[in-house]
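Colleague: After the structure tokens below, expect a handful of questions from me.
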Amino acid sequence: MLTLKMFLNGQEVSVDVEPGELLADVLRDKLGLIGTKISCGEGECGACTVLVDGKAVDSCLYPVLKAQGREVITIEGLGQDNRLDTIQQAFVDKTAPQCGYCIPGMVISAKALLDENPHPTRKEIEEGISGNLCRCTGYYQIIEAIELACERLAEEGGTG
Amino acid sequence: MLEARGGEARIIAGGTDLVLQSQRGQCLAKAMVDITRIPGLDHIEERDGLIYIGAQVTHGQVAASPLIRSRAGVLAEACGSVGGPQIRNVGTLVGNVVNALPAADGAIALFALDAEAEVAERAGRRWTPIATLYAGVGLCTVDPCTAMITQLRFRALGKGEVGAFERLAKRRALVLPILNTAAIVGLDGDKVEKARIAIGPVAATPFVATEAAEVLVGRTPDEASVTEAAELAAQAAQPRDSLLRGSAEYRKAMVEVLVRRALWRAVEGASLQEGEDANS
Amino acid sequence: MSSKVVGQSVPKIDAATKVRGQRKFPQDFNMEGQLYAKVVWSEYPHARVSKIDLSQAEALPGVVAILTSKDVPVNEYGINIMDQPVLVGEGEKVRWLGDRIAIVIAESEKIAQEARQLVRVEYEPLPVVTDPREAMKPDAPLIHEERGDSNILKHIKIRKGDIEKGFAEADVIIESYYLTPHVEHAYMQPEAGVGYIDEQGRVTVIAAAQWSHDDLHQISHMLDLPLDQVREIVPAIGGAFGGREDMYIQHLLALCAYCVRRPVKMVFDREESVMRTGKRHPYYMKYKWGATRAGKLTAMEMEIISDAGAYASTSVPVLSNSASFAAGPYVVPNAKVDAYTVYTNNAVTMAMRGFGSTQPPVAYESQMNKLAEALGMDPVELRMKNLLEDGSIALTGNPMPPGVGVKETLRQTALAAGWKEEDGVWIKPGPGLPSAPYKRRGIGVACGYKNVGYSFGFDDKTRAIVELALDESGEIARALVKLGASDQGMGAHTALAQIAAEALGIDYEKVRVALVDTSVVPDAGSCSASRHVYMSGNAVIRACQEAARKREEAIQRGERRVSAEYEYHGRSVRPTTPYDDENGMCDPHIGYGYASQIALVEVDVGTGQTEVLKVWAAQDVGKAINPEMVKGQAGGGVHMGLGYALTEEFIQKEGLIKTRRFSEYHIPTVADMPREFIPLIVEVPDPTGPYGAKGVGEMTTLPTAPAIISAIHDAVGVWIDNLPATAEKVWRAMQVRS
Ligand SMILES: Cc1cc2nc3c(=O)[nH]c(=O)nc-3n(C[C@@H](O)[C@@H](O)[C@H](O)COP(=O)(O)OP(=O)(O)OC[C@H]3O[C@@H](n4cnc5c(N)ncnc54)[C@H](O)[C@@H]3O)c2cc1C
Ligand code: FES
Ligand code: FES
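Sequence order for the protein chains is A, B and C.
Residues 14 to 173, numbered by the working numbering, are exactly what the first sequence covers, in order.
Residues 14 to 293, numbered by the working numbering, are exactly what the second sequence covers, in order.
Residues 5 to 742, numbered by the working numbering, are exactly what the third sequence covers, in order.
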């Protein structure tokens, strides 16, 4: 067992981990953050996407020790108390979630995209979520939600 | 550090290959040495006409690098086609080479660029052509438990020299290629001065179609010469029948199609540059 | 009453918790003191188990129990026919890779994983049968010796009119052989759950399920327990598409809890979910159709063979559906259908989005498109001359009930896509210029239809409870709808809440729908057959009406709580009947939904690759309870249809599965979807539906594949009759042609 420290959703946390453990398992099983989903376990679907130092990564492939000292943001880190953040709200308003299993990963990928590129083209949005599979929606309302979030973020002045 | 572990610890970079290999019992190392925190391995830079890429550089960084896009666009294209954003954010170009799969996109472009790798081992550091790193499917001659590749280098493409990358896959994103090719053409006036073509996965290691490239040299790149080169490439390629990737017959035929397309795009890019040169 | 809630795109009832990641799926549940279970799977597609050696596994510290067939009180289950062993014991047969030998239960997941690898099983391999056409032969090795002397599970015959005469009248005849593949449901949430003994001593399972009340029957049979001693709780479901209609994990969790009397958690990884659970049936379809020069269909002869895999599952009802839809939504006076479903050692096949209505369009729509070409007639025009209308006599001899909207879906799609119509003459638009010299564009059209609700005399019923909480003034403060309808993600609970709000005349925000817990909610039938809005909607409306009536009484008595219950029977609207054994005539279905789509594609003539550029998709939903949700169903339907047509290749060889993960089985990514997507909502009301609504979930996927196939033909002149149309297949077809 090793003690790992990371900045998780804005707070410093310490957690005991085994060297071979993966970030997704630690988040879900040891820290109770079940919003990060596991679907394929091999980097092929993006359901487990989290931000590490601002970059989207598949946490099912990410050795937890790599997170040492880094800033990790999961779906639980978005929004405040009972308020959804702009991207989450846009997903609700566009009826983007169906079963919802892919949705936390999609929202995180959208955040990674918009943080880096506040005015993406349609093609850039598609590229931004091309590492995330969804079996329910055909992706259209997810794309519309990201477009809506862009508009609202621009109005709010900043990427929040 | 590796030595301290007596060869039982293995280098891990992005982990996009290694994590799955460990899970599936294909990697038995007892410990991992993470090289993504070692300083001095994150560079993409040009020195004396050579481009150097450090071992921490990810596919995403290569694809977005203005230097790579302008002086080795073929590599930016290749790295930009790897997996999805999450994979490109962590998977490294060096890892793509060490993993030694004949289908690896980044590696195919590096073969076309005739890249070299710097190997750091107990005996010191040495540069070696990347082809010497390959010993078979998934087999790298450098053992990540005892040695490390610190950086890659290749000659930046000059004026009138352009590369293009083409890829065929079962869907349009997030998928390994069933075939890929990188071609570089250098023009001198309206004649081909040099050409290099790499193709995967059509052999146990990334395949360089030397004959096909040579047949172009000294000739005007027209329908006849490009077709001849593409046909030679297809003849030389030895894809195997694969349930998942498709029949050998199809993929052999596709070698011709992809090589032809890559060559034409490279030729067009190169003549544009030559043209600009003539105009200025 | 003017509708205030129905017809509005209100936010989905569970959307906010889903975007926050708070919604709990089965893998998100953990219980105090829980153990972990792993399955020891069959290694052979057909073999006799000669020896099971548990000694090494049992010796591993942390292993609590290893269950084998001896631990199962009644070792059989199955949704339709109980032909599946829960665990296969020594001397018994495994019939596919999804059969189970044992379940290892341990203190940690890691130990369970390690221990299952230590279970030693010896097999005597048996001959493997993978082609249902071979399996039908009299001398084929039998998969189920105990079930008679043939692998044929069911043969359905339809004989209508006189096909000899019909073909004699035809000016053109088209004959083709179509193949559709296995399809993996590929829901994003792999099977998972927890089994435990609840505070009342009931064997309880938390898992994703489509028909909990049927699971209960099977579990109580397996454990030899009374029905009230078993319980199932369904939290959020991460997609289902038919794949959770059968039990793949529910009964195993129940068995674990029953045997060890402690909470036991089990999670399948993706490989288990792909390799060890059911698929959509592959079909082998031989079609011969004739039409006159004027474009009237005169005769059809069809042979349909479905690969049932190792166990029956719902293969028989799925086949029954297919046979009834074999002619497509067209009028034909003379027809002959022979449909078979056959056991093999391939993956078990089962319900999947369409329930037998998804395979026939691949054949019947290609037939229509080929006929149109042979007749030199526009494909829309040819369809318009033959499509069903209200009262038309269907293939099975029954008149079509009111609300047949298929022509309207086709008309709207065709006009939207640029077709021109004048006096019944339709003219197709040009496909536009390709994006590269080595690409060709094409445009293709297809229709489809499917039943809503159960069929063939099976009484479809739904029971719903509505509970009201009244405020001091007697106004409804809150309404709770309870019924055994799970929401797999398509929004059933949202739609039912909208219907309840509408029926009660209250705000949508005041309505809640209880999660499915069989100890609380009544049986509402399965979440399938696109039936919940239609069937449960009708039950909810009536329960609400009853509640509203009781509310008056309650107010008078000064009470603040009201509860009403209603059981709605499909047969009260339209009784259905089973196939006649000899000629197949019957009135098969309660209601229907319709769809038409047009696809614009670009085919790379060098590689054979197809890119779908644009899809127009019209669905007749009767009444869109929530238009945005209908669009979501359309997008999802096109996604699956596109995967069916182009990218999803489930590869098996000798009963072994070669596409085991998402890196090998390729569902479409966002980049594979048409950049432009035009959903069109058509509302031809069904007078028996709630506010006129029909179903929508399945119809949206039916026309996609045949529309794409026809567009490929339009682009490069080849017909792909064997799905999926991979680049290699299209390329080969082009080689043959040139
Ligand atoms: C979902 C998914 C999709 C993918 N898609 C593609 C694709 O489309 N095209 C493609 O080409 N690849 C693809 N890949 C593979 C690609 O991500 C890897 O090849 C990646 O480039 C490897 O880099 P890494 O940093 O992750 O290596 P790691 O996994 O960390 O290491 C790989 C190997 O290299 C060794 N190693 C790493 N760095 C060094 C070093 N500096 N010196 C010596 N040894 C070293 C490791 O010990 C290990 O043996 C995909 C992978 C996944 C999971
Ligand atoms: S679960 Fe991590 S990418 Fe699929
Ligand atoms: S909403 Fe179900 S997988 Fe995306």
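Backbone N, C-alpha and C define an ideal beta-carbon position, used for all residues, glycine too.
In this text the structure is predicted, and so the values were computed from the model without any measurement.
Ala136/B: buried (16+ other C-beta within 10 angstroms of its C-beta) or exposed?
Modeller: Exposed, by the Cβ-count rule.
Colleague: With respect to 7 Å, is the separation between the Cβ of Ile24/B and the closest non-hydrogen atom of ligand 1 below this value?
Modeller: Indeed, a heavy atom of ligand 1 lies less than 7 Å from the Cβ.
Colleague: At a CB distance below 8 Å, what residues from the segment 657 to 671 of chain C approach chain B? Give them in sequence order.
Modeller: Going along the segment 657 to 671 of chain C in chain order, one finds Lys657, Lys662, Thr663, Ser667, Glu668 and His670 with a Cβ nearer than 8 Å to chain B.
Colleague: Any heavy atom of ligand 3 closer than 7 Å to the Cβ of Arg150/A?
Modeller: A small fix is needed here, since residue 150/A is Thr in this sequence, not Arg. Checking every heavy atom of ligand 3 against the Cβ of Thr150/A, one is found closer than 7 Å.
Colleague: Give the C-beta separation of Val198/C and Val268/C to the nearest angstrom, bearing in mind that I take them to be a contact with Cβ-Cβ under 8 Å.
Modeller: Contact holds; Cβ gap of about 7 Å.
Colleague: What residue ranges within the segment 667 to 701 of chain C form continuous beta strand (DSSP E) runs of no fewer than 3 residues, ordered along the chain?
Modeller: Counting whole runs of 3 or more residues, the segment 667 to 701 of chain C contains the beta strand (DSSP E) stretches 680 to 686.
Colleague: Which residues in chain B have a C-beta closer than 8 Å to the C-beta of Glu160/A? List them in chain order.
Modeller: By Cβ distance, chain B contributes nothing, its closest Cβ being about 18 Å from Glu160/A, past 8 Å.
Colleague: 8 Å is my cut-off, CB to CB: does Ala186/B come that close to chain C?
Modeller: Interface residue, yes.
Colleague: What residues come near ligand 2, if near means a beta carbon less than 6 Å from any of its heavy atoms?
Modeller: The filter returns Ile51/A, Ser52/A, Cys53/A, Gly54/A, Gly56/A, Glu57/A, Cys58/A, Gly59/A, Ala60/A, Cys61/A, Asp71/A and Cys73/A, in chain order.
Colleague: Using a Cβ cut-off of 7 Å, pull out every chain B residue sitting near Val70/A, in sequence order please.
Modeller: What Val70/A touches in chain B: Gln99, Asn102 and Val103.
Colleague: Could you check how far apart the C-beta atoms of Ile191/B and Ala182/B are, in whole angstroms? I think they sit under 8 Å.
Modeller: With a Cβ gap of about 6 Å, Ile191/B and Ala182/B count as contacting.
Colleague: Show which residues of chain A have a CB atom less than 9 Å away from the CB atom of Ser13/C.
Modeller: Residues of chain A passing the Cβ test: Thr108.
Colleague: Keeping to the same chain, check which residues put their C-beta closer than 6 Å to that of Glu58/B; ignore five residues upstream and five downstream.
Modeller: These residues qualify, in order along the chain: Tyr65.
Colleague: For Ala330/C, which residues of its own chain have a beta-carbon under 6 Å away from its beta-carbon, when the five flanking residues on both sides are left out?
Modeller: Counting only Cβ-Cβ distances below 6 Å, and skipping sequence neighbours, we find Met306, Val341 and Pro364.
Colleague: What is the DSSP secondary structure of Arg564/C, reduced to helix, strand or coil?
Modeller: Reduced to three states, the DSSP call for Arg564/C is coil.
Colleague: Under 8 Å between C-beta atoms, does Glu732/C make it to chain B?
Modeller: Yes, Glu732/C lies at the interface with chain B (some Cβ there is under 8 Å from its Cβ).
Colleague: Once you ignore the five residues that flank Ser284/B on each side, which residues in its own chain have a CB closer than 7 Å to its CB?
Modeller: Excluding sequence neighbours, Ser284/B sits near Leu200.
Colleague: With a CB to CB cut of under 6 Å and the five nearest residues on each side skipped, what residues in its chain are close to Val577/C?
Modeller: Closer than 6 Å at the Cβ level, and outside the excluded window around Val577/C, lie Thr692.
Colleague: Could you compute how far the alpha carbon of Ile559/C sits from the alpha carbon of Ala504/C?
Modeller: Straight-line Cα distance between these residues: approximately 20 Å.
Colleague: If contacts are defined as beta-carbon pairs under 8 Å, then Val456/C and Lys698/C qualify, I think. What distance do you get, rounded to the angstrom?
Modeller: Sure, about 5 Å apart at Cβ, within 8 Å.
Colleague: Tell me, please, whether the CB atom of Val150/B is closer than 8 Å to any CB atom in chain C?
Modeller: No, Val150/B does not count as interfacial toward chain C.
Colleague: Can you name, in chain order, every residue of its own chain whose Cβ lies under 7 Å from the Cβ of Ala473/C, other than the five neighbours on each side?
Modeller: Taken in chain order, the residues that qualify are Ala481, Arg482, Arg564 and Arg565.
Colleague: Going by other Cβ atoms of all chains shown within 10 Å of its Cβ, with 16 needed for buried, is His132/A buried or exposed?
Modeller: Per the 10 Å Cβ criterion, exposed.
Colleague: Is there at least one Cβ from chain A nearer than 8 Å to Val111/B's Cβ?
Modeller: Judged by the 8 Å Cβ criterion, Val111/B is not in contact with chain A.
Colleague: Could you tell me the boundaries of the alpha helix (DSSP H) in which Glu173/C lies?
Modeller: It spans Ile167 to Glu173 - the alpha helix (DSSP H) in which Glu173/C sits, taken as one unbroken run.
Colleague: Could you run through the segment 230 to 260 of chain B and flag, in chain order, every residue whose CB is less than 9 Å away from some CB of chain C?
Modeller: Listed by position, the residues of the segment 230 to 260 of chain B near chain C (Cβ gap below 9 Å) are Leu256, Leu257, Gly259 and Ser260.
Colleague: Return the residues of the segment 21 to 38 of chain B that lie within a Cβ-Cβ distance of less than 9 Å from chain A, sorted by chain order.
Modeller: Against chain A - using a Cβ distance shorter than 9 Å - the residues of the segment 21 to 38 of chain B are Ile25, Gly27, Gly28, Thr29, Leu31, Val32, Leu33, Ser35 and Gln36.
Colleague: Answer yes if the segment 234 to 252 of chain B comes into contact with the segment 709 to 717 of chain C, meaning at least three C-beta pairs across the two stretches below 8 Å, and no otherwise.
Modeller: Too few Cβ pairs lie closer than 8 Å, so no.
Colleague: Can you tell me whether Met5/C is helix, strand or coil according to DSSP?
Modeller: Below a pLDDT of 50, predicted positions are generally treated as unreliable, and Met5/C, at 41, falls in that range; no measurement from the model is reported.
Colleague: Just list the residues that DSSP pairs Trp430/C with in beta bridges.
Modeller: Bridge partners of Trp430/C: Glu425/C.
Colleague: Along the chain, where does the beta strand (DSSP E) containing Ser180/C start, and where does it finish?
Modeller: Run containing Ser180/C: Val176 to Thr184, per the beta strand (DSSP E) assignment.
Colleague: Is Ile121/A near ligand 1, judged by its Cβ being under 7 Å from some heavy atom?
Modeller: No, the beta carbon of Ile121/A sits no closer than 7 Å to any heavy atom of ligand 1.
Colleague: Secondary structure at Glu126/C, three-state DSSP: helix, strand or coil?
Modeller: Of the three classes helix, strand and coil, the one that applies to Glu126/C here is strand, per DSSP.
Colleague: Taking CB distances under 8 Å as the criterion, tell me whether Val85/A reaches chain C.
Modeller: For Val85/A, the answer is no, since every Cβ of chain C falls outside 8 Å of its Cβ.
Colleague: So which residues on chain A does Ala68/B lean against when the C-beta distance must stay under 8 Å?
Modeller: Those within 8 Å of Ala68/B in chain A number zero; the least Cβ separation is about 15 Å.
Colleague: Alpha carbon to alpha carbon, how far is Met304/C from Met589/C? Give it in angstroms, no decimals.
Modeller: Approximately 16 Å between the Cα atoms of the pair.
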